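Structure follows, in structure tokens:
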């Protein structure tokens, strides 16, 4: 059972989406609507296809040899798997935060300035402005403003993950994908991150994969439950957790498996 | 039972320790011997003057310059090709591609070929067929081919050890594959690449057979790429084989060791400054 969202509020949308790794079918005909300026959570047991689905949204699946994708993914009114779509442009608009915070072996400043530089911004004052704005938006500025030139790897795990988010924000995306962004963090860093997600949705559309159902319930507006490569149920988060319509969803969220 | 095991344990531990100690011992004895026999030949004149009377008098300045010249040019030729091939194999080629497999196999085979065969090839191809004569250029190209497998393999290993997450993060930020490689992957792989270069420098500095056939053994100061040159290792060989002066042969050996140590130290030092600053 999946609900549809008012077409005027749609940011992304998948239709008949199927993904194959060699012969293995990882996703079966997934339809999902992603509303603008909302947080959409993807839950389900390991190997259910939620991360695979997330990675179709910025075409990161293409990096894996032998991947085939069928069906359609729309960003606004652009079919992103169309031949004419420039994948670089797509990834500028659809940023991604991964499980493990992966800071490049550079300074904090250089990490955050990496994206803008790649996209051709050279003026130092402009870069300074972007770095500051992004770190402020990621709730990290006050903690690092005095050591922007020190190595990013010396920050704590929670700070690194927020810096990675700042690095994504610096590219000025419209959608931010998060693949279990809190799985490597301690509880305090996790709550800071969740708070940040709540703030970010004012300006961005967020899709987050999580193993933690409480987290999905806390941060998201919509939740999709994946099982064996199928989107079993997609609904408003408050509906899905309180009143699951599919037996399998109920079993999963009440902890009977997974 | 426990007692028996502990005796066995001591025997094994001692045996393994001895095996490790042999390595240190051998190196120490060689270096000490070379230093002891060579130090008496070392003075200002020996380092800064050109050889006279076939090397029986004067210094070895032309051989020092020849060594640095040949090594530098061969590294300049081999590094772009070797690192380029490594980048192609690790980042661009499909892992199941036939071409990548053949290149890998070739590199491995090339690494096992005795240097005299490279010398023979260099002599026939560069010196005679291409008409480059005995020269720094012929010698450097031959050396470059010789060290290419080492540089390629070590660069490949270094690139392989760069976390996959770096690539994913960079690409997800909208970087192209080349931007990702040049700005994130290669800088991270630099320590490993430099290790390969250091190994290659050691091999180039110590090479004799291939160079006698391709760079000649002139005692004149090499200036242009077309000039003949004699390296320190070749000079050592000539001094010892022709009975010109054992003392000077050891003096030359001493300086070879010192040069290799200095190059290793400089490379490690600059590398540590470079990579520690961002970790």
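Residue numbers (the working numbering), protein chains in the order written: chain A, 179 to 436; chain B, 1272 to 1550.
For glycine and all other residues, C-beta sits at the position ideal for the given N, C-alpha and C.
None of the values given here were measured: they were computed from a predicted structure.
Per DSSP, residue 382/A is not a residue of any alpha helix (DSSP H), being assigned neither H nor E.
Taking 8 Å as the cut-off between beta carbons, none of the residues of the stretch 198 to 223 of chain A comes near chain B. Where residue 248/A is concerned, the enclosing beta strand (DSSP E) starts and stops at 245 to 253.
Within chain B, the C-beta atoms nearer than 7 Å to that of residue 266/A come from 1445, 1447, in chain order. Taking one beta carbon from each stretch, the stretch 1315 to 1335 of chain B and the stretch 1480 to 1500 of chain B have 3 or more pairs nearer than 8 Å; the two touch. DSSP, reduced to helix, strand and coil, places residue 1327/B outside both helices and strands of the structure shown, so it counts as coil. Under the Cβ distance rule, residue 1539/B does not count among the residues neighbouring chain A, no pair being separated by less than 8 Å. At a cut-off of 8 Å between beta carbons, residue 1358/B makes no contact with chain A. At a cut-off of 8 Å, the C-beta of residue 273/A has a neighbouring C-beta in chain B. Chain-order list of chain A residues neighbouring residue 1535/B: empty, with the shortest C-beta distance near 23 Å, by a criterion of under 9 Å. It is roughly 15 Å from the alpha-carbon of residue 410/A to the alpha-carbon of residue 432/A.
Within the same chain, and ignoring the five residues on either side of residue 270/A in sequence, the residues whose Cβ sits closer than 7 Å to its Cβ are 297, 349, 351. Taking a 10 Å sphere around the C-beta of residue 1506/B, we find 16 or more other C-beta atoms and assign the residue as buried. Closest in C-alpha terms to residue 257/A, from the list 235/A, 246/A, 273/A, 239/A, comes 235/A. For residue 349/A, the three-state secondary structure derived from DSSP is coil. By the beta-carbon neighbour count (other beta carbons within 10 angstroms, threshold 16), residue 246/A is exposed. Taking a Cβ-Cβ threshold of 7 Å, the residues of chain B close to residue 293/A are 1444, 1445, in chain order. The three-state secondary structure of residue 354/A, taken from DSSP, is strand.
Annotation for residue 274/A: the continuous beta strand (DSSP E) segment containing it runs 272 to 275. Per DSSP, residue 419/A is one residue of the alpha helix (DSSP H) stretching across 415 to 420.
With its beta carbon less than 8 Å from one in chain A, residue 1436/B belongs to the interface.
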